[in-house]
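Under mature numbering (1 follows the signal peptide of the UniProt record, and there is no 0), residues -27 to -1, 1 to 368 are what the sequence shown spells out, in order.
This report refers to the structure that appears directly beneath it.
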Amino acid sequence: MLARALAAVVPLLAVTLLPPAPAVARAADTPAPRAAGDTRAGLSDTPAGGDTREAGAVAQARAAADAAGFEARFQAKNDWTWSGGDQVTSLRATNGLTYWSFGDTIIGEEDPATGAYRPGWEFLPNTILVQRGDGWDATTFRNAVPDAADGDRYWTQGMFQAGGFLYVLCQRVRNTDTYFQLRGAELAKFAFNADGTLAFRGMFATPSTGKLDGDSAATAQFSMDAVVSGAYVYVFGFANAPGDAFAPHRSYVARVPVRSVENSGAWRFRDAAGAWQPDMALAEPILKAQISSVRVIGGRWVLAYKPWNGWGDTVYVETRSQPWGSAMGTTTISSPAGTTAGGQRYLTYSPQLHPEQALDSGRLLVSIAWNGADLSDTANDADLYKPRFYEVTLP
C-alpha cells in the first residue's frame, strides 16, 4: 500500500504488510524478465490449456482480451476517480459487473509535458471502481470506505458477495512517525445500486479487529483475501515471523458460515490437527509467506504471493487441492525492483489473480502492484503507481 510516509526505514518494511508498490512500465521501459511457464500480455499468442474463468461467471463487455490491453487501459486512466493504486483485487458480482478494489489511491491528472502529476493531485485511502466495457468508473464519491472516527484509514482488500451484499475486508492503518501501523481487520458492507454503483452500509468487527500487527497467530491480520466455497467464506490473514531470516511472514486461514459473516464470534481457525477452533491463537500456518490473493479455479485452490514483498524478486502462483497442505504445482513470475527509463526507482508486490477476465489465450490474468521507492519517484511519474499485468498458465 502506498503510505504517506514512504520514507520509512527498510527494517520496518521488511517485516510488515504490503510495501509500497511500483507502477506499470511505459513502452520505453525495459520489461521485467519472466520465468519459464509465464507469458506477459501480448508477447505470445500460443493458446494455453483451458479456460481460467470461474464457473458461473457472467459475461460482460470488456476492453481487453490480453494482459497488454489491461495494462494499457490503466496506464491511460489519469483522472479524479483514479490515477494509480495498489492491492488490485477484482470480483465478478452476480449483477454481471466486475468490481476492482484498490488500497492507497492517487487521484489527479498527468502533465503531458513532464509525465508527472499536475498540481492538486491527492491520495485517497481506498477506492472501488466498476468495470464497464472500455474502462472503469467510480462506485462511490472519493474513498469507498470512510476513515475511522479517530482518523485511522482503511485499505480495502479481499472482496466477496453474500446475501446480496458486497463485503470487503479492510486493513485498518494508522500513520506513525516512521511509517504506518497495522491495527486489525474489519469488514465493510455495501449494497448494490441499480446503476452498478455502491452504497456503504457500515463496518463490522472481525476476530482481528483491534489486534495490532504482531508476531503470532494471536495478532494475525485477517484482511488479505476471502473466497466463498460451499457454505463458508474462507478468509486469509498473516502475521510477521521476524525470527525466520528466510521467510519473515506466516499465512493462516479462517472460515465463517456465509449466513454469519457479520458475526465475529462465528469465525473458526484451522489448527495444526486440521480442526476448526474458535481461538485465533491456535491457528496453524498454511504458508511461510504472506498470501496476497486466493481463488478457486477449475476446482483447485490457487494462491499468489511474493516472499519478502517489495524486497523479493519472484512471485509464486501455486495450486492446491485445499487452502492448506502441499502445492500440486507452482509457476513463477520474475518481478524484481528496478529503475524506469526516466530514472524513477520502484518496488513490486501484491500479486493478484483475476480469473473472471477471459483472455484470448485462455490463460490466467495476474496483476502485480508497482510503486515508487519513495514519494518523489511516484509523484514524478504519473504512470508509475499502476499495476502491471501478466498471463499465466496454471501448473
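Here a beta-carbon is modelled for each residue, glycine too, at the ideal position from N, C-alpha and C.
This structure is a prediction, so every number in the text was calculated from the model and none was measured.
* Straight-line Cα distance separating G124 from P328 -> 35 angstroms
* What residues in its chain sit with their C-beta under 8 angstroms from that of V229, if we drop five residues either side in the sequence? -> Y205, V206, V208, N236, A239, W240 and R241
* Neighbourhood of A110 by C-beta, 6 angstroms cutoff - its chain only, sequence neighbours within 5 removed -> According to the sequence provided, residue 110 is Asp. The question's Ala does not apply to it. For D110, where only same-chain residues beyond five positions count, the Cβ hits under 6 angstroms are V103.
* To do: Please classify M253: does DSSP put it in a helix, a strand, or coil?
  => helix
* Does DSSP put F138 in a helix, a strand or coil? -> strand
* Residue from Y225, T292 and R91 with nearest C-alpha to G271 -> T292
* For A158 versus L142, is the C-beta distance shorter than 7 angstroms? -> yes
* Asked: What residues are listed by DSSP as bridge partners for A277?
  -> S266 and V290
* Selection from T303, G210 and A66 that minimises the alpha carbon distance to Q130 -> G210
* Cβ-based burial, W73 [other Cβ within 10 Å; buried from 16] -> buried
* Asked: Can you tell me whether A86 is buried or exposed, with buried defined as 16 or more other CB within 10 angstroms of its CB?
  -> exposed
* Asked: If R243 sits next to W297, beta carbons under 8 angstroms apart, how far is it from one beta carbon to the other, in whole angstroms?
  -> 6 angstroms
* Could you give the distance in angstroms between the alpha-carbon of D252 and the alpha-carbon of A190? -> 10 angstroms
* Asked: Thinking C-alpha only, which one of S308, R232, P180 and G106 is nearest A256?
  -> P180
* Asked: Is it right to say N81 is buried, meaning 16 or more other beta carbons lie within 10 angstroms of its own, or is it exposed?
  -> Reading the sequence as shown, one finds Gly at residue 81 and not Asn. It is buried - the Cβ of G81 has at least 16 other Cβ atoms within 10 Å.
* Asked: Measuring CB to CB, does F133 end up less than 7 angstroms from A49?
  -> no
* Between the stretch 283 to 291 and the stretch 157 to 176, do three or more beta carbon pairs fall short of 8 angstroms? -> no
* **A97 versus Y322 - alpha carbon distance** => The amino acid at residue 97 is misidentified as Ala; the sequence shows Leu. Near 19 angstroms, if we compare the C-alpha coordinates of Y322 and L97.
* Please say whether E364 and L320 have beta carbons closer to each other than 7 angstroms? => no
* Sub-7 angstroms separation of N116 and A355 beta-carbons -> no
* To do: Could you tell me the distance, in whole angstroms, from the CA atom of G93 to the CA atom of S349?
  => 15 angstroms
* Three-state secondary structure (DSSP) at R115? -> coil
* To do: Would you check whether the ligand ZN has a heavy atom nearer than 6 angstroms to the C-beta of P296?
  => Summarising the ligand content, the structure contains no ligands, and the ligand ZN is consequently not present.
* Nearest-angstrom Cα distance between K359 and A89? -> 14 angstroms
* Asked: Is T54 helix, strand or coil when you go by DSSP?
  -> coil
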